[in-house]
Structure formats: structure tokens, C-alpha cells
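> Here the protein sequences come in this chain order: A and B.
Residue 142 in the working numbering sits at position 46 of the first sequence, with consecutive numbering throughout.
Residue 29 in the working numbering sits at position 28 of the second sequence, with consecutive numbering throughout.
Cβ atoms here follow ideal geometry from the backbone N, Cα and C, with glycine treated the same way.
Only a predicted model underlies this, so the values are computations on that prediction, with no experimental measurement involved.
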Amino acid sequence: DVKVTQSSRYLVKRTGEKVFLECVQDMDHENMFWYRQDPGLGLRLIYFSYDVKMKEKGDIPEGYSVSREKKERFSLILESASTNQTSMYLCASSLGPTPGGYTFGSGTRLTVV
Amino acid sequence: GNSVTQMEGPVTLSEEAFLTINCTYTATGYPSLFWYVQYPGEGLQLLLKATKADDKGSNKGFEATYRKETTSFHLEKGSVQVSDSAVYFCALERSQGNLIFGKGTKLSVKP
Numbered sequence: 097d098v099k100v101t102q103s104s105r106y107l108v109k110r111t112g113e114k115v116f117l118e119c120v121q122d123m124d125h126e127n128m129f130w131y132r133q134d135p136g137l138g139l140r141l142i143y144f145s146y147d148v149k150m151k152e153k154g155d156i157p158e159g160y161s162v163s164r165e166k167k168e169r170f171s172l173i174l175e176s177a178s179t180n181q182t183s184m185y186l187c188a189s190s191l192g193p194t195p196g197g198y199t200f201g202s203g204t205r206l207t208v209v
Numbered sequence: 002g003n004s005v006t007q008m009e010g011p012v013t014l015s016e017e018a019f020l021t022i023n024c025t026y027t028a029t030g031y032p033s034l035f036w037y038v039q040y041p042g043e044g045l046q047l048l049l050k051a052t053k054a055d056d057k058g059s060n061k062g063f064e065a066t067y068r069k070e071t072t073s074f075h076l077e078k079g080s081v082q083v084s085d086s087a088v089y090f091c092a093l094e095r096s097q098g099n100l101i102f103g104k105g106t107k108l109s110v111k112p
């Protein structure tokens, strides 16, 4: 069964810390995505990548960066965590446009205190 | 720009009731449309999809028809079960190949 694995289920960090959220997929997918999910706002796209070392800004990239050094791994970086970045973060991957849609990880619930 | 609007919840139904969750969209062209489901404590799972007008996606008793005249993709199920309790998200695929999602509709099914 195909899998997207997010390294942490729950994370608590302090304001100002640099935070790394890791995502690994085992499906040889080209495309990877980071979303955040907030009550009443649904899912919002932060960054995405269609190839190794490639990245594109999504709808809410401010305060975030990403790294994709290997095809299977896509990291989300909070350069200086703030309380308004407390959220559920969801990673997803896809083979290409449409055919299978996305495969999501289980999410990382990040709390910034 | 592209957008997805779905009915606000929560929706509470009794077991075996009929379910409709409305979803309308705004987009240029004819994007692919999706329904995803999120069970408590889990990530999202693809429920069904439709790639062109008049296509009907179906899975696990759920159905949705791509209606370009009304720019809609409403989710339906004839008889819901307690195990269908979850949050449902409507989504469309943008030209860049990524998805935008509605805000989600929470469904609770009571025995």
C-alpha cells in the first residue's frame, strides 16, 4: 500500500525556534505538497514541488520555506516559529495531474507556545 | 480565480438517511473535481473524482456528478451509516496541477 509518512504526529515548539517538518513518500511520486489545516478555513496550500530541488510558492508561503533534496523527501521549515503557525500540517504526494489524486500523510499537529 | 464553496456543517443525520453535501466551484476551463474524506485523527483520503463534464464519480455508495451548467459537484449517498461520520472536502485541480479545497463539512451519523 502506498504511503506518505510524516515524521511527527504531535510537536510542541517555542516561539522563535526553527522547526523542521519531515515528509517521506515511498511511491516514487514526482509531486509533493504541504498544506495547513485550520478549523473554518479548510486546507490551504503552503508550498509544492514537482521535482527534486524545485519548489513553488502556494497560497500562503509567508513564514515558511521548503527543501527537496531527494525525490522521496519534502521538508517544511518554519524559520522562526510564531504562535499563529499553530496548526495541523498535512503533506501529500501525487504521480501527476489527476489520475490518482493525492495521497496524504496523517498530519503533524504543531503547537507553538 | 479558482474557488470551492461547500455547505457549512455540521450535518447530523440518523442512520439510513439520505445525504447531500453541496459543492459549487468557480474556475476557468473545466478542472477535475474531487471529494476527499477525513476520518477522526487521520489524513485525507480520496473518495471519488470526476475529470470532465457529466462524469459521475462513485465509491463506497457515494456519488457525485460533474455539472458544468450549475458549476456543481454535490456529494450524495442513499443510506448513510455511523461509519460515514467524518469531515468531507470538495476540491478542484488548478491548472498548475495542485488542488484547492473547500472548508470541509463535518458529518455525524447517529444510530
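#1: Could you tell me whether any Cβ in chain A is nearer than 9 Å to the Cβ of GLU43/B?
#2: Looking at LEU108/B and LEU14/B, is the spacing between their C-beta atoms short of 9 Å?
#3: Kindly indicate which three-state DSSP category GLN82/B falls into: helix, strand or coil?
#4: In terms of residues, what are the limits of the beta strand (DSSP E) holding TYR26/B?
#5: By the 9 Å beta-carbon criterion, what residues does the segment 160-193 of chain A contribute toward chain B?
#6: Suppose the cutoff is 8 Å on Cβ atoms and the five residues either side in sequence are ignored; what does the same chain contact list for TYR26/B look like?
#7: Quick check: is the beta carbon of TYR89/B nearer than 9 Å to any beta carbon in chain A?
#8: Do VAL100/A and LYS109/A have their CB atoms nearer than 9 Å?
#9: From the DSSP output, which residues share a beta bridge with LEU172/A?
#10: Could you list which residues in chain A have their beta carbon closer than 8 Å to that of LYS104/B, in chain order?
#11: Got a sec: which bits of the segment 139-153 of chain A sit with their beta carbon under 9 Å from any beta carbon on chain B, in order along the chain?
Looking at the atomic coordinates:
#1: yes
#2: yes
#3: coil
#4: 24-27
#5: LEU186, CYS187, ALA188, SER190, GLY192, PRO193
#6: ASN3, SER4, VAL5, THR6, PRO32, LEU34, THR72, SER73, PHE74, CYS91, LEU93
#7: no
#8: no
#9: LEU117/A, VAL162/A
#10: GLY136, LEU137, GLY138
#11: LEU139, ARG140, LEU141, PHE144, TYR146, GLU152
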